[in-house]
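Remarks on the structure that follows.
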Amino acid sequence: MYFICLSVFSVNVFLDQLNLGDCTIRGSLEAFSCKHAGNDRRLSISLEHEILDYLGKSSDSDPPSPVEHLSCRSSRKTLIYLVLTLGHMYPDYDFSAVRAHLFFKEEDMESFKQMVDNYLSEASRLWAARNEGSSLLDSMTKAIDEVIKIRECDIYSYNPDSDGDPFLEKGAIWSVNFFFYNRKLKRVVSFRCCCTRYVHLFLMMKNTV
10 MYFICLSVFS VNVFLDQLNL GDCTIRGSLE AFSCKHAGND RRLSISLEHE ILDYLGKSSD
70 SDPPSPVEHL SCRSSRKTLI YLVLTLGHMY PDYDFSAVRA HLFFKEEDME SFKQMVDNYL
130 SEASRLWAAR NEGSSLLDSM TKAIDEVIKI RECDIYSYNP DSDGDPFLEK GAIWSVNFFF
190 YNRKLKRVVS FRCCCTRYVH LFLMMKNTV
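For the sequence shown, our numbering gives the first residue as 10, with consecutive numbering after it.
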């Protein structure tokens with residue numbers, strides 16, 4: 010997948026290590042073309058085999074499974090793009106397609122707005138104070154729309170358990186991951202954000218020195 014430049018430099022700078030006193034927010038918007046690059050083709054084939062192998066081991070007597078719809082090739086393709094995007098977002102983390110699928114959820118724009126209200130309300134107030142009253146949400150959605158046309162997108166969230174969340178493994182209080190996928194344009198825009206207690210973040214930074 011190829012990285013696409015987004016006009017959100019100010020947003021990403023703002024959300025990079027945003028100090029809220031007792032905690033710190035880290036977030037970013039990134040855009041990717043779904044064209045294969047580097048090891049993507051090999052990984053996509055491997056993920057496809059993983060999914061088909063899983064489906065092949067399922068039987069009619071098995072209870073209903075959240076991966077049943079993966080028998081549809083277009084659904085498998087979407088999942089593979091999302092997992093490849095996760096791999097580019099977290100290059101040091103190994104994602105399983107079947108396992109990751111259990112934590113993907115179809116969303117809509119209202120869900121994204123609700124997430125911003127729930128998790129980024131204080132950040133939004135700070136953004137408005139520093140940017141002449143402008144809306145953080147509007148700035149984000151405008152940047153996303155410019156590259157991927159939000160109304161034509163399928164929207165997903167990724168909410169894994171603690172074993173499948175790269176952020177929580179590093180001591181985050183909470184983390185969110187949203188994906189905007191435009192099938193026609195073959196592009197994905199990701200938004201990731203987490204909140205880390207300031208003391209824990211300080212220890213992490215100290216250990217990396």
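Note that the Cβ used here is the ideal one computed from N, Cα and C, for glycine as well.
In the three-state reduction of the DSSP assignment, PHE112 falls in the coil class. According to DSSP, residue pairing for ILE164 in a beta bridge involves GLU116 and PHE189.
Linking ASP147 to LEU24 through their CA atoms gives a straight-line distance of about 15 Å. Here DSSP, grouped into helix, strand and coil, assigns PHE121 to helix.
Judged by DSSP secondary structure, SER37 falls within the beta strand (DSSP E) whose first and last residues are 32-42. Here PRO169 is buried, its C-beta having at least 16 other C-beta atoms within 10 Å. If you draw a straight line from the Cα of ASP49 to the Cα of ASP62, it is about 20 Å long. Between the beta-carbon of LYS195 and that of SER84 there is about 16 Å, and that puts the pair past the 8 Å contact cut. Across the structure, LEU93 and ALA152 are spaced so that their CA atoms are roughly 22 Å apart.
Shown here for PHE104: same chain residues with a beta carbon closer than 7 Å to its own, the five before and five after excluded, namely VAL92, LEU95 and GLY96 in chain order.
As a beta-bridge residue in DSSP terms, CYS203 pairs with ARG35 and SER184. Using a Cβ-Cβ distance cut-off of 8 Å, the segment 124-136 and the segment 20-39 are in contact, since at least three pairs of beta carbons, one from each stretch, lie closer than that value.
Assigned with DSSP and collapsed to three states, TYR99 falls in coil, not helix or strand. Around the C-beta of CYS14, fewer than 16 other C-beta atoms lie within 10 Å, and the residue is accordingly described as exposed. With fewer than 16 other CB atoms across the displayed protein chains lying within 10 angstroms of its CB, HIS58 is exposed. Judged by DSSP in its simplified three-state form, LEU129 adopts coil rather than helix or strand. Scanning its chain for C-beta atoms nearer than 6 Å, with the 5 sequence neighbours on each side dropped, one finds around ALA40 the residues ILE13, LEU15, VAL156 and VAL198, in chain order. In the DSSP annotation of this structure, the continuous segment of the alpha helix (DSSP H) that includes PHE18 starts and ends at 18-24.
Under the three-state reduction of DSSP output, LEU27 falls in the strand class. Close CB contacts of ASN186 within its chain, under the 6 Å cut and outside five residues either way in sequence, are with TYR167 and ARG201 (chain order).
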